[in-house]
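Visitor:
Protein chains: 2
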Amino acid sequence: MPIMGPSTPAAGDLARLRQHNERVVLAAVRASGTPRVAQIVADSGLGRTAVEDVLATLVARRWLVEERAAIRGRGRPARSYRFRAEAGCAVGLDIGAYSVRAVLTDLAGRVLATTRRPVSPQTRRRDRLAAADRALADCTRDAGVPERRVWAVGAGTTGLVDRAGRVVRANAIPDWAGADLAGHLGRDGRLVLVDNDSQLAALAEQRRGVATEAADLVLLHAGRRTGLALVLDGRLRRGAYGAAADLSALPGLSWEPAIEYLHAVAPADVPVADRAERAFAAARDGDRRARTAVRRYARAMALAAATAIAVVDPRMLVLGGAFSQAADVLLEPLGAELARLCPQVPELRASTLGADCVALGAACLALDAVDERLLAADRGPLPALTARSV
Amino acid sequence: MPIMGPSTPAAGDLARLRQHNERVVLAAVRASGTPRVAQIVADSGLGRTAVEDVLATLVARRWLVEERAAIRGRGRPARSYRFRAEAGCAVGLDIGAYSVRAVLTDLAGRVLATTRRPVSPQTRRRDRLAAADRALADCTRDAGVPERRVWAVGAGTTGLVDRAGRVVRANAIPDWAGADLAGHLGRDGRLVLVDNDSQLAALAEQRRGVATEAADLVLLHAGRRTGLALVLDGRLRRGAYGAAADLSALPGLSWEPAIEYLHAVAPADVPVADRAERAFAAARDGDRRARTAVRRYARAMALAAATAIAVVDPRMLVLGGAFSQAADVLLEPLGAELARLCPQVPELRASTLGADCVALGAACLALDAVDERLLAADRGPLPALTARSV
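Quick note, the sequences are listed as chains A and B, same order. For any residue, its number in my numbering is found by taking its place in the first sequence, counting from 1, and adding 301. For any residue, its number in my numbering is found by taking its place in the second sequence, counting from 1, and adding 301.
Dropping the structure here:
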């Protein structure tokens, strides 16, 4: 049965087809490094003529670079194509109570620079925002890229953030509620995305951490602060009112003060900021009181995590935050408690992304936004690349 | 800047474009009833020639019916097109402890027949399956459609169902665990989808109940059994291991025995099956003991619902199950408790779908599967319609 009628497709339809093919070819090249034409034809499912044609356009518009390599024993060099990931950059910021961190990546997500600036909970709002600006500027300087090549900025911060990128609530920083992060960071027209820090840590784990093969995960943030965040179907789950995974009003959890179990076993002269680490070290050395304290702490954290697990049934629970570095003494009691509390215990892993995890998640958010703007279908033909294409 | 190169698209690309256009036109017609060509052109974004051509094909393949109506004062009748929803049917089954219900719909989801057959928890597995077969047959007979026009069957049942459509666990029916529902209902090659009954009730609320404008909802099933189910982003959230919204192992909830508060206030000679209804009636009449019992019941249910709400932050909480008919006395204390327990209280509504809600959700699931098979992109050209096209 013939599947085509006798008609000729209209010009508008062909333009749409063409734009679709541009995205398909670009995605095929990005997915496989530096593929040759035959590979792109195979991966895209398009005809060779169409692929050659789109490739020429994408090279002319500076999205792709053509590379030629002589194949041994043959006269003609093989042509392959590379996505020009250096055409633009994204910056991820982590604006916290004690530090501002920045990560700069190219469009492929490769980290080109990281910086950190210390602040304190008492740092005034204006100065914290200025620290963020300087962290961003430090990154571009260290990476040797002009600031205008930063196409998008993602920012994570403690507390609740609204859809407009303003901080609604932030218990850890006195004058932070009301800060207009999107307004400040996007003041020269740059694309800015703002989100809660635990949520961005969860996104980072799913995109480039220990949870890349899990579409659904719960992140348990364990550190000076505690928190939960959800990634479902590969996307951050923020909730209808931005309050997803906020268990603060549920009775019987009492996980937020649980850090006191750890603080109580360290000698009185150890500063508060170091006590938890000391408790973990003592537990590691077999100290009985410290091991009991870690077990109590784990029990309280497990109850909160189990609540989220029972509701969404994720494939993985990731232990994040500073205490993920004590995974060797924390994971075992955490897993034992979860086995008691969950009909299905998800796989349990500790983050390995370290202190930059929130900034990395913020960069992922910024890169997603760039992709969405530039590479999604129904956005018209891909533009010619200049220094600022977003 | 010209967006087209000088090349001619390959035949394969044109076939794909054609298939895409077929779906777009079919979706445009389905979305707007009986549109004229100009409307379809506007809604689809395609050119008129392409639309005319695809319409002719879809009429020839019996997906669409062309209708001509004379416009007053003009000579030429206006052509409009209607989706032939009567071409196929879907059946939704609710296989429960006390009854088997069936709903038969056309491809547009219009209900053509409903039936109910009584069973009991002690009914043997073989007989319960036979009751499901008879309920389905009764429906087709009542609607006057041949059984072969049933393209897909959805089935909801109590307990945990695995991906293969087998019952894994069913506390409410002694010999039900192990029942191969998909195998039994699909034995003559029919498309069969099986899911948990509370989940299908949630789907029904989102598609055709009180939650059609909410992409995210939590359903609180209140009745002889209790349960929770999630719809997120318009889709059932089953969880990575099929255990989403299963709070049975969390401590401190004790919502499952809460129905005893209601049972305790009815006179001793009232049969158990009628006691809750009697308690609600007494509360409605202002009886103080009954009102206290309803409040206690609502408090226990609210704690379970609040747990799910705190985790996923849905737009709406729907009170479903048989007790949704007591919404006039239940909603107020439920809402008051939720306000205490949730940082963000979602909108609270009672189901109005009645006893057929699970069967309706099952029919929705079956219709989704038909759409997915026939109408999704990348499935090749739409087939010519015969009695059995799935």
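Every residue, glycine too, gets a C-beta built ideally from N, C-alpha and C.
Would you say B/S549 faces chain A, with C-beta separation under 8 angstroms as the test?
Guide: Chain A contact via Cβ: present.
Visitor: Would you say A/Q500 faces chain B, with C-beta separation under 8 angstroms as the test?
Guide: no
Visitor: Roughly how far, in whole angstroms, is the beta-carbon of A/D326 from the beta-carbon of A/R380, given that I think they are within contact range, below 8 angstroms?
Guide: The amino acid occupying residue 326 of chain A in the given sequence is Val; Asp does not appear at that position. Going by Cβ atoms, the distance from A/V326 to A/R380 rounds to 14 angstroms, so no, they are not a contact pair.
Visitor: With 8 angstroms as the threshold, decide whether the Cβ of A/Y598 is near any Cβ in chain B.
Guide: It does not: the Cβ of A/Y598 has no partner Cβ on chain B nearer than 8 angstroms.
Visitor: Compare the C-beta of A/R616 with all C-beta atoms of chain B and state if any pair is closer than 8 angstroms.
Guide: yes
Visitor: For B/G334, does the count of other Cβ atoms within 10 angstroms reach 16, so buried, or fall short, so exposed?
Guide: Counting every other CB atom within 10 Å of its CB across the protein chains shown gives B/G334 a total below 16, marking it as exposed.
Visitor: With distances taken between CB atoms, is the gap from B/E323 to B/T350 smaller than 8 angstroms?
Guide: Annotated as distal: B/E323 and B/T350, with beta-carbon spacing of 8 angstroms or more.
Visitor: Can you name, in chain order, every residue of its own chain whose Cβ lies under 6 angstroms from the Cβ of B/V595, other than the five neighbours on each side?
Guide: A584 and V630
Visitor: Along the chain, which unbroken stretches of the beta strand (DSSP E) at least 3 residues long are found entirely within the region 389-413 of chain A?
Guide: You should have 390-396 and 400-407.
Visitor: Between the Cα of B/L501 and the Cα atoms of B/V469, B/G455 and B/R491, which residue gives the shortest distance?
Guide: B/G455
Visitor: List, in chain order, every chain B residue whose beta-carbon is nearer than 8 angstroms to that of A/L533.
Guide: In chain order: L533 and R538.
Visitor: Using C-beta distances below 8 angstroms, list every residue in its chain close to A/I560, excluding the 5 sequence neighbours before and after it, in chain order.
Guide: R525, T527, A577 and Y598
Visitor: How would you list, in chain order, the residues of chain B whose beta-carbon sits under 7 angstroms from the beta-carbon of A/Y542?
Guide: D614 and Q645
Visitor: With C-beta atoms as the reference, is A/V659 less than 8 angstroms away from A/D395?
Guide: Yes, these two residues count as a Cβ contact at 8 angstroms.
Visitor: Which of helix, strand or coil does DSSP assign to B/Y598?
Guide: Helix at B/Y598.
Visitor: My guess is that B/V401 and B/A436 are in contact by the Cβ rule of under 8 angstroms, so how many angstroms apart are they, rounded?
Guide: 5 angstroms
Visitor: Can you have a look at B/A753 and say buried or exposed, based on whether 16 or more other CB atoms are within 10 angstroms of its CB?
Guide: Since the displayed chain B opens at 302 and closes at 691, residue 753 of chain B lies outside it and no answer follows.
Visitor: Run down chain B in chain order and give the residues with a C-beta less than 8 angstroms from the C-beta of A/T608.
Guide: Against A/T608, the close residues of chain B are L551, T608, A611 and V612, in the order they occur along the chain (beta-carbon pairs closer than 8 angstroms).
Visitor: Looking at the strands, I want to know which residues DSSP matches up with B/D496.
Guide: B/G457
Visitor: Going by beta-carbon coordinates alone, are A/G389 and A/V404 separated by less than 8 angstroms?
Guide: No; because the gap between Cβ atoms is not below 8 angstroms, this pair is not in contact.
Visitor: Just tell me which of A/R600, A/A580, A/R425 and A/M602 has its CA closest to the CA of A/R592.
Guide: A/A580
Visitor: Between which two residues does the alpha helix (DSSP H) carrying B/L437 extend?
Guide: Taken as a continuous stretch (DSSP letters only), the alpha helix (DSSP H) holding B/L437 covers R426 to A444.
Visitor: Quick check: what's the CA-CA separation for A/Q320 versus A/V355?
Guide: 9 angstroms
Visitor: So, does the CB of B/L642 fall closer than 8 angstroms to a CB anywhere in chain A?
Guide: yes
Visitor: Taking the beta carbon of A/G662 as the centre, do at least 16 other beta carbons fall within 10 Å, making it buried, or is it exposed?
Guide: buried
Visitor: Quick one: give me the first and last residue of the alpha helix (DSSP H) that A/P634 is part of.
Guide: A628 to L642
Visitor: Please return the same chain residues whose Cβ sits closer than 6 angstroms to the Cβ of A/P644, not counting the five positions on each side in sequence.
Guide: none
Visitor: Identify the contact partners of A/D517 in chain B, using a Cβ-Cβ distance below 7 angstroms as the criterion.
Guide: A541
Visitor: So, is A/P378 buried or exposed, given that buried needs 16 or more other C-beta atoms within 10 angstroms?
Guide: exposed
Visitor: Here's the rule: buried if 16 or more other CB atoms are within 10 angstroms of the residue's CB, otherwise exposed. What is A/Y493?
Guide: According to the sequence provided, residue 493 of chain A is Val. The question's Tyr does not apply to it. Note on A/V493: 16 or more other CB atoms within 10 angstroms of its CB, so buried under the neighbour-count rule.
Visitor: Please confirm whether A/L318 has its beta-carbon closer than 8 angstroms to some beta-carbon of chain B.
Guide: yes
Visitor: Are the region 630-640 of chain A and the region 665-674 of chain A touching, with three or more C-beta to C-beta distances below 8 angstroms?
Guide: no
Visitor: For the candidate residues A/C440, A/A398 and A/R442, whose alpha-carbon lies nearest to that of A/G574?
Guide: Checking the sequence shown, residue 574 of chain A turns out to be Ala, not Gly. Closest by alpha carbon: A/A398.
Visitor: Could you give the distance in angstroms between the alpha-carbon of A/L683 and the alpha-carbon of A/I341?
Guide: Each residue's Cα considered, the two are about 18 angstroms apart.
Visitor: Going straight from the alpha carbon of B/R470 to that of B/S421, what length do you get?
Guide: Approximately 17 angstroms, taken between the alpha carbons.
Visitor: Taking all protein chains shown into account, decide if B/P647 is buried (16 or more other Cβ within 10 angstroms of its Cβ) or exposed.
Guide: buried
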